[in-house]
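Asker: Quick one: the structure is below, and I'll ask about it shortly.
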Amino acid sequence: MKKGFILLLFAAGSLLWSCNGNDESDESGDDGYAAIPAPLNLSFQVINQHTHDTTAFTEGFTFHEGKLYESTGAPEPPAVTSDTWIASIDLQTGKYDRKVDLGKAYFGEGITFLNGKLYQLTYRTNVGFVYDAKTFRKLGQFSYRGEGWGLTTDGKSLIMSQGTSNLYYINPDSLTFIKLLSIQNNNGFANNLNELEYINGFIYANEWLTSNILKIDPATGYVVGKLDLSKQVAEVKTKHPAAEELNGIAYDSTSGKTFITGKKWPVIYEIKW
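Everything in the sequence shown is counted per this note's numbering, starting at 3 for the first residue and increasing by one.
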């Protein structure tokens, strides 16, 4: 991931925000880490399983108004032959209702809904898109420097990851930088933050290339808990060897249910903790 600043362009205007952030190169060691409590191991139960499309290279996963939505990437074959899309998922059948189709021109990444709009990142094309949340009509686009990974919201700001230990808070209307949050645990900076979900005052993040979901306190940036899904990852890869990383957290605030999946997984796990 490229460090430095992110340039956002939206509609006719251009806005620059910058920050001196921490990424992998910042892990030089700090005695202060010892004062950070070790994350708690969070127990959970799998209460249901739902069918998931094994062609879906999951990059964004979220609930909105009682419906589950997924954003996919489109890497080159043979990794996957599908296009980039945003779709709602029928949990009873596993079938999709595509809302946005970007083909193979863009590698779709994180998505989130806020204030009647749907925001979508892309991976290395340095562009994101804004849609009307009801009609999915494109309202505009914005540009940023670096890669787009995960996206969520705390109800006020957009929160973006770029695969490092940093989370960026962004004003959803002006798309200007608000603040940077560096994520740390008792061993140092917590890198490889990927798909995000905001649940009951905490940010949950997939830790790329691991079987972990991290629970982050946004007030401090500390990792306060960890869910270990290694059992589910092993189960998925036994069923479907082509399945890739765990990457997808969606929370239904109405029912209190959380849904977990991954890239090209055959299943969506419904869990509670």
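Where a beta carbon is used, it is the ideal one built from N, C-alpha and C, also for glycine. What you are looking at is a predicted structure, and each value in this text was computed from that prediction instead of being measured.
Taking C-beta to C-beta, are glycine 227 and leucine 104 nearer than 8 Å?
Answerer: Translated into positions along the sequence shown, residue 227 becomes position 225. Translated into positions along the sequence shown, residue 104 becomes position 102. No, they are not a contact pair.
Asker: Taking the runs of the beta strand (DSSP E) that are 3 residues or longer, which of them lie wholly in the segment 102-185?
Answerer: 110-116, 119-124, 129-134, 140-145, 153-155, 160-163, 168-172 and 179-184
Asker: I'd like to know whether the C-beta atoms of threonine 212 and asparagine 193 end up nearer to each other than 8 Å.
Answerer: For the purposes of this step, residue 212 is taken as the residue at position 210 of the sequence shown. For the purposes of this step, residue 193 is taken as the residue at position 191 of the sequence shown. No, the pair does not count as a contact, with Cβ atoms beyond the cut-off.
Asker: Taking the straight line between their C-alpha atoms, what separation do you get for serine 90 and threonine 178?
Answerer: On the sequence shown, position 88 is the one that residue 90 refers to. On the sequence shown, position 176 is the one that residue 178 refers to. Roughly 29 Å between the two C-alpha positions.
Asker: Helix or strand or just coil, what does DSSP make of lysine 274?
Answerer: Your numbering for residue 274 matches position 272 in the sequence shown. Here lysine 274 sits in strand by DSSP.
Asker: One question on the structure: do glycine 73 and isoleucine 88 come within less than 8 Å of each other, judged by their Cβ atoms?
Answerer: In the sequence shown, the residue the question calls residue 73 occupies position 71. In the sequence shown, the residue the question calls residue 88 occupies position 86. With the sequence shown as reference, residue 73 is identified as serine, and glycine is not the correct amino acid for it. It is a contact, given that the beta carbons lie within the stated cut-off.
Asker: How would you label asparagine 189, buried or exposed, when you count the other beta carbons within 10 angstroms and need 16 or more for buried?
Answerer: Counting from one through the sequence shown, the residue named residue 189 turns up at place 187. The residue is exposed, with fewer than 16 neighbouring Cβ atoms inside 10 Å.
Asker: Looking at the unbroken beta strand (DSSP E) that takes in serine 90, where does it start and where does it end?
Answerer: As a first step, residue 90 must be located in the sequence shown, where it is residue number 88. Here the beta strand (DSSP E) through serine 90 covers 86-91.
Asker: Using a Cβ-Cβ cut-off of 7 Å (strictly less than) and excluding sequence neighbours within five positions of asparagine 128, which residues of its own chain qualify?
Answerer: Looking up residue 128 in the sequence shown gives position 126. When the five nearest sequence neighbours on each side are left out, the beta carbons in the same chain lying within less than 7 Å of the beta carbon of asparagine 128 are those of Ser145, Tyr146 and Arg147, in order along the chain.
Asker: Kindly give me the distance between the Cβ atoms of glycine 223 and isoleucine 185, rounded to whole angstroms, as I take these residues to be in contact under 8 Å.
Answerer: By 1-based counting over the sequence shown, the position of residue 223 is 221. By 1-based counting over the sequence shown, the position of residue 185 is 183. Yes, glycine 223 and isoleucine 185 are in contact; Cβ-Cβ is about 5 Å, under 8 Å.
Asker: Considering only the beta carbon of each residue, do tyrosine 200 and threonine 263 sit closer than 8 Å?
Answerer: On the sequence shown, position 198 is the one that residue 200 refers to. On the sequence shown, position 261 is the one that residue 263 refers to. Taking 8 Å as the Cβ cut-off, tyrosine 200 and threonine 263 do not qualify as a contacting pair.
Asker: Measuring alpha carbon to alpha carbon, tell me which residue in Phe109, Lys101, Val269 and Lys259 is nearest glycine 152.
Answerer: As a position in the sequence shown, residue 152 is number 150, starting the count at 1. Measuring from the Cα of glycine 152, the nearest candidate turns out to be Phe109.
Asker: Return the first residue and the last residue of the alpha helix (DSSP H) that threonine 240 is part of.
Answerer: Position 238 of the sequence shown, counted from the first residue, corresponds to residue 240. Counting along the chain, the alpha helix (DSSP H) containing threonine 240 begins and ends at 232-241.
Asker: Roughly how many angstroms lie between the CA atoms of lysine 217 and serine 257, to the nearest whole one?
Answerer: Taking the first residue of the sequence shown as position 1, residue 217 is located at position 215. Taking the first residue of the sequence shown as position 1, residue 257 is located at position 255. Cα to Cα, lysine 217 sits roughly 20 Å from serine 257.
Asker: Which residues mark the beginning and the end of the beta strand (DSSP E) in which isoleucine 205 is found?
Answerer: Translated into positions along the sequence shown, residue 205 becomes position 203. Looking at the DSSP string, the run of the beta strand (DSSP E) that includes isoleucine 205 is 204-209.
Asker: Indicate the three-state DSSP secondary structure (helix, strand or coil) for alanine 192 in the structure shown.
Answerer: Along the sequence shown, read from residue 1 onward, the residue named residue 192 stands at position 190. Note: alanine 192 maps to coil in three-state DSSP.
Asker: How many Å lie between glycine 112 and glycine 203 at the Cα?
Answerer: Along the sequence shown, one-based indexing puts residue 112 at 110. Along the sequence shown, one-based indexing puts residue 203 at 201. Using only the alpha carbons, I get a separation of about 19 Å.
Asker: Quick one: residues in its chain with C-beta nearer than 6 Å to the C-beta of isoleucine 270, no 5 flanking neighbours on either side, listed in chain order?
Answerer: The residue given as residue 270 occupies position 268 in the sequence shown. Within the same chain, isoleucine 270 has close Cβ partners His52, His54, Phe261 and Thr263.
Asker: Comparing C-alpha positions only, which one of Tyr170, Gly157 and Thr124 sits nearest to lysine 106?
Answerer: Within the sequence shown, numbered from 1, the residue matching residue 106 stands at position 104. The residue with the shortest Cα to Cα distance from lysine 106 is Thr124.
Asker: Report the partner residues of glycine 75 according to the DSSP bridge assignment.
Answerer: Residue numbering aside, residue 75 sits at position 73 when the sequence shown is read from its first letter. Phe59.
Asker: How many Å lie between isoleucine 251 and phenylalanine 46 at the Cα?
Answerer: The residue labelled residue 251 in the question sits at position 249 within the sequence shown. The residue labelled residue 46 in the question sits at position 44 within the sequence shown. If you take the alpha carbons of isoleucine 251 and phenylalanine 46, they lie about 14 Å apart.
Asker: Can you give the beta carbon distance from asparagine 196 to tryptophan 210, rounded, assuming they're within the 8 Å contact cut?
Answerer: The sequence position of residue 196 within the sequence shown is 194, counting from 1. The sequence position of residue 210 within the sequence shown is 208, counting from 1. That belief holds up - the Cβ atoms of asparagine 196 and tryptophan 210 are roughly 4 Å apart, short of 8 Å.
Asker: If contacts are defined as beta-carbon pairs under 8 Å, then glycine 118 and valine 132 qualify, I think. What distance do you get, rounded to the angstrom?
Answerer: For the purposes of this step, residue 118 is taken as the residue at position 116 of the sequence shown. For the purposes of this step, residue 132 is taken as the residue at position 130 of the sequence shown. With 8 Å as the limit, glycine 118 and valine 132 do not qualify as a contact, their Cβ atoms being about 11 Å apart.
Asker: What is the DSSP secondary structure of alanine 36, reduced to helix, strand or coil?
Answerer: Residue numbering aside, residue 36 sits at position 34 when the sequence shown is read from its first letter. Correct three-state label for alanine 36: helix.
Asker: Check histidine 66 in the structure and name its three-state DSSP category.
Answerer: Counted from its first residue, the sequence shown places residue 66 at position 64. Note: histidine 66 maps to strand in three-state DSSP.
Asker: State the Cα-Cα distance for the pair tyrosine 206 and tyrosine 253, rounded to the nearest angstrom.
Answerer: The residue given as residue 206 occupies position 204 in the sequence shown. The residue given as residue 253 occupies position 251 in the sequence shown. Straight-line measurement puts the Cα of tyrosine 253 at about 10 Å from the Cα of tyrosine 206.
Asker: Kindly list the residues whose CB is nearer than 7 Å to the CB of lysine 239, restricted to its own chain and excluding five residues on each side of it in sequence; keep chain order.
Answerer: Position 237 of the sequence shown, counted from the start, is the residue given in the question as residue 239. These residues qualify, in order along the chain: Ala245.
Asker: Please identify the residue among Glu272, Val225, Thr137 and Arg139 whose C-alpha is closest to the C-alpha of proline 39.
Answerer: Within the sequence shown, numbered from 1, the residue matching residue 39 stands at position 37. When each option's Cα is compared against that of proline 39, the closest is Val225.
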